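Contents: one structure, followed by commentary.
Residue numbers (the numbering used here): 47 to 130.
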């Protein structure tokens with residue numbers, strides 16, 4: 047099972063700093079995580095851009111949401127921080 051790591055305030059929102067999620071594709075992981083972090087996706091199920099999602103340190107947009115996950119894959123989710 048892939049591991050999902052939560053960074054910054056997501057640790058508090060989700061209640062853990064990482065967890066294993068049973069999923070075959072990245073889209074399935076995003077869907078399951080969005081149950082805990084609703085602003086991860088919009089009404090159409092597309093990622094909102096409020097978070098950076100990395101798969102093995104690579105931007106998920108380069109892989110696509112249909113990317114087939116392996117047991118040792120690590121998905122890192124961190125909020126985008128805006129200043130100003």
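Ideal placement from N, C-alpha and C gives every residue a C-beta, glycine not left out. No experiment lies behind these values; they were computed from the predicted model shown.
Quick one: using the 10 Å Cβ neighbour count with 16 as the cut-off for buried, is residue i buried or exposed?
{"i": "residue 54", "result": "exposed"}
{"i": "residue 96", "result": "exposed"}
{"i": "residue 101", "result": "buried"}
{"i": "residue 108", "result": "exposed"}
I'd like to check one pair, residue j with residue i: are the Cβ atoms closer than 7 angstroms?
{"i": "residue 48", "j": "residue 115", "result": "yes"}
{"i": "residue 103", "j": "residue 94", "result": "no"}
When you compare only the Cα positions, how much space is there between residue i and residue j?
{"i": "residue 112", "j": "residue 58", "result": "28 angstroms"}
{"i": "residue 68", "j": "residue 76", "result": "11 angstroms"}
{"i": "residue 118", "j": "residue 66", "result": "10 angstroms"}
{"i": "residue 64", "j": "residue 105", "result": "18 angstroms"}
{"i": "residue 91", "j": "residue 62", "result": "23 angstroms"}
Which whole-angstrom value describes the C-beta separation of residue i and residue j, a residue pair presumed to lie in contact below a C-beta threshold of 8 angstroms?
{"i": "residue 121", "j": "residue 99", "result": "7 angstroms"}
{"i": "residue 60", "j": "residue 83", "result": "7 angstroms"}
Run through DSSP, which three-state label would residue i get?
{"i": "residue 94", "result": "coil"}
{"i": "residue 78", "result": "helix"}
{"i": "residue 50", "result": "strand"}
{"i": "residue 115", "result": "coil"}
{"i": "residue 63", "result": "coil"}
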